[in-house]
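K.L.:
There are 2 protein chains.
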Amino acid sequence: MTRSTSTSVDGGGLEDASISSLIPTVSKAHRNLAGSLLAEVGLAAGQQFVLMLLWKASPTSQADLTRQLMIEPPTAAKMLARLEKAGFIERRRSAADGRVVLVSLTESGRALEAPVTSIWTRLEEQTTSDLTPAEQAQLRHLLSRVTRSLTADGDPGPPGAAARPAAR
Amino acid sequence: MTRSTSTSVDGGGLEDASISSLIPTVSKAHRNLAGSLLAEVGLAAGQQFVLMLLWKASPTSQADLTRQLMIEPPTAAKMLARLEKAGFIERRRSAADGRVVLVSLTESGRALEAPVTSIWTRLEEQTTSDLTPAEQAQLRHLLSRVTRSLTADGDPGPPGAAARPAAR
DNA sequence: GAATAATAGTTAGCCGGCTAATGCTAGGTC
DNA sequence: GACCTAGCATTAGCCGGCTAACTATTATTC
């Protein structure tokens with residue numbers, strides 16, 4: 001019964017895998033657990049983030065949500081369409097600005113706040129169950145720095161290259 | 001130009017976000033960078049893992065690949081179908097066992113080893129560019145432990161519960 | 001005021017991930 | 001040999017993520 005079916009592609013251990021292999025692995029595991037917990041209340045794996053933002057500010061424009069979620073507009077549009085179809089949110093065009101769509105919670109959506117908050121706490125607990133508070137802080141710090149390195153698109157400025165305008 | 005549009009749902013900082021929020025964030029950033037680098041050779045974001053396994057053992061059964069990649073059979077089937085269509089791999093039924101499909105590299109697939117290895121190295125370098133070697137080892141260790149906590153499905157054994165046989 | 005630019009959303013289509021349901025092959029058991 | 005079980009792979013369909021291309025509205029600029 002070969003234990004631990006090896007990590008993606010590196011050796012078998014897990015410890016000796018590259019960080020580039022560990023990140024997708026831990027992310028998938030985390031997403032799977034989140035998904036199975038959220039299924040209890042009828043949500044799919046990423047939908048809690050939308051609701052969490054709406055619990056803090058109910059009528060929010062779709063563009064604002066898109067920015068805060070750090071996703072692309074089409075991704076947000078599809079997610080919101082599903083959440084609307086599921087009855088957790090409502091969408092209506094703004095009267096003040098005909099371009100913006102305002103997203104607000106329905107009663108069902110509001111009712112999820114307590115259970116989802118509980119699930120989110122449980123998830124965080126299981127995620128960090130093997131870490132001391134100091135290690136958790138360390139991990140947070142390391143992940144933050146890695147995120148910054150990954151989003152600092154490209155080389156940090158080789159003298160001679162005419163500062164590319166950050167794509168797009 | 002509002003810097004750092006906030007992390008998913010927690011505060012604005014990044015440092016003070018929950019680990020459950022940081023994991024998806026860092027994973028998305030990592031995947032996006034990987035995808036843009038791999039696009040250079042005509043690969044999509046997860047396909048390098050398949051090829052990496054095949055470079056180590058070219059005719060490999062689909063079931064083996066599925067297990068090593070730690071994904072579900074349908075996911076593997078679709079990925080392999082695309083890789084086959086793209087001309088990087090070939091699939092044929094095993095003569096010895098009519099159930100198994102053997103996956104092998106084509107010349108195009110084999111030709112990707114050098115460039116993808118280079119890309120993979122660059123990706124890892126940018127991922128860890130802000131970390132000392134000690135911090136990298138620390139991060140690897142922490143991520144490994146978190147992965148184990150996340151995959152150790154459910155409670156770690158409340159005395160009295162008759163050790164559930166790992167679900168499914 | 002008309003032309004242009006910037007913003008906001010949508011649609012189509014692709015990729016990776018999953019579950020549920022189906023089919024097919026190989027191994028056991030009686 | 002017939003039956004049942006286990007293992008391998010596929011199809012259909014959903015979810016989150018993306019790019020490219022498009023529409024519609026508001027804001028600028030001349």
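In the order they appear, the protein sequences are chains A and B. For the record, in the first sequence the residue sitting at position 80 is 80 according to full-length UniProt numbering, with numbers rising by one throughout. For the record, in the second sequence the residue sitting at position 123 is 123 according to full-length UniProt numbering, with numbers rising by one throughout. We put the beta carbon where it would ideally sit given N, CA and C, even for glycine.
(1) To the nearest angstrom, how far is the alpha carbon of asparagine 32 (chain A) from that of glutamine 48 (chain A)?
(2) Around the C-beta of proline 24 (chain A), are 16 or more other C-beta atoms found within 10 angstroms, so that it is buried, or is it exposed?
(3) So for glutamate 135 (chain B), helix, strand or coil by DSSP?
(4) Please name the residue or residues paired with isoleucine 89 (chain A) in a DSSP beta bridge.
(5) Quick one: any contact between the stretch 115-129 of chain A and the stretch 91-101 of chain A, if contact means 3 or more CB pairs under 8 Å?
(6) What residues are listed by DSSP as bridge partners for residue 176 (chain A)?
(7) Is there a C-beta anywhere in chain A that falls below 9 Å from the one on methionine 70 (chain B)?
(8) Taking only beta-carbon positions, decide if proline 24 (chain A) is within less than 9 Å of chain B.
(9) Could you tell me whether any Cβ in chain A is nearer than 9 Å to the Cβ of leucine 139 (chain B)?
(10) Using a cut-off of 8 Å between C-beta atoms, extract the partners of aspartate 130 (chain B) located in chain A.
(11) Might you give, ordered along the chain, the residues of its own chain that have their beta carbon closer than 8 Å to the beta carbon of valine 41 (chain B), omitting 5 neighbours on each side?
(12) Return helix, strand or coil for threonine 60 (chain B), following the three-state DSSP convention.
(13) So, for glycine 109 (chain A): in the same chain, excluding its five sequence neighbours on each side, which residues have a beta-carbon less than 7 Å away from its beta-carbon?
(14) Taking buried to mean at least 16 other C-beta atoms within 10 Å of its own C-beta, is alanine 134 (chain B) buried or exposed?
(15) Please check if any C-beta of chain B sits within less than 9 Å of the C-beta of glutamate 107 (chain A).
(16) Give me the subset of the stretch 82-95 of chain A whose CB atoms are less than 7 Å from a CB atom of chain B, sorted by chain position.
(17) Could you tell me which of A:Leu83, A:Arg145, A:Ala63 sits nearest to alanine 45 (chain A), measuring between CA atoms?
(18) Taking the alpha helix (DSSP H) that glycine 42 (chain B) falls in, what are its first and last residues?
P.N.:
Walking through what the data contain:
(1) Taking the first sequence and counting its residues from 1, one reaches residue 32 (chain A) at position 32. Taking the first sequence and counting its residues from 1, one reaches residue 48 (chain A) at position 48. Approximately 14 Å between the Cα atoms of the pair.
(2) Here residue 24 (chain A) corresponds to residue number 24 of the first sequence, with the count starting at 1. Buried, by the Cβ-count rule.
(3) Counted from its first residue, the second sequence places residue 135 (chain B) at position 135. Looking at glutamate 135 (chain B) - three-state DSSP - the assignment turns out to be helix.
(4) Taking the first sequence and counting its residues from 1, the one referred to as residue 89 (chain A) is at position 89. Paired residues: A:Leu105.
(5) no
(6) Outside the displayed span of chain A (1 to 168) sits residue 176 (chain A), for which this structure offers no information.
(7) Counting from 1 along the second sequence, the entry for residue 70 (chain B) is found at position 70. Yes, contact with chain A.
(8) Start at 1 with the first residue of the first sequence, and residue 24 (chain A) comes out as number 24. Yes - at least one Cβ of chain B is within 9 Å of the one on proline 24 (chain A).
(9) One-based indexing of the second sequence puts residue 139 (chain B) at position 139. So, interface residue.
(10) As a position in the second sequence, residue 130 (chain B) is number 130, starting the count at 1. Per Cβ cutoff of 8 Å: Arg145, Val146, Arg148, Ser149.
(11) The residue you call residue 41 (chain B) lines up with position 41 of the second sequence. The residues are Leu112, Pro115, Val116, Ile119.
(12) As a position in the second sequence, residue 60 (chain B) is number 60, starting the count at 1. Residue state, collapsed to three classes: strand.
(13) The count along the first sequence starts at 1 and reaches residue 109 (chain A) at position 109. Once the five neighbours on either side are set aside, the close Cβ partners of glycine 109 (chain A) are Leu51, Leu54, Phe88, Ile89.
(14) Residue mapping note: residue 134 (chain B) aligns to position 134 of the second sequence, counting from 1. With fewer than 16 other Cβ atoms within 10 Å, it is exposed.
(15) As a first step, residue 107 (chain A) is located in the first sequence; it is residue number 107 there, counting from the start. Answer no: the Cβ-Cβ gap between glutamate 107 (chain A) and chain B never drops below 9 Å.
(16) none
(17) As a working note, residue 45 (chain A) is residue 45 in the first sequence. Alanine 45 (chain A) has its Cα closest to that of A:Leu83, out of A:Leu83, A:Arg145, A:Ala63.
(18) Along the second sequence, one-based indexing puts residue 42 (chain B) at 42. From DSSP, glycine 42 (chain B) is part of no alpha helix (DSSP H); its letter is neither H nor E.
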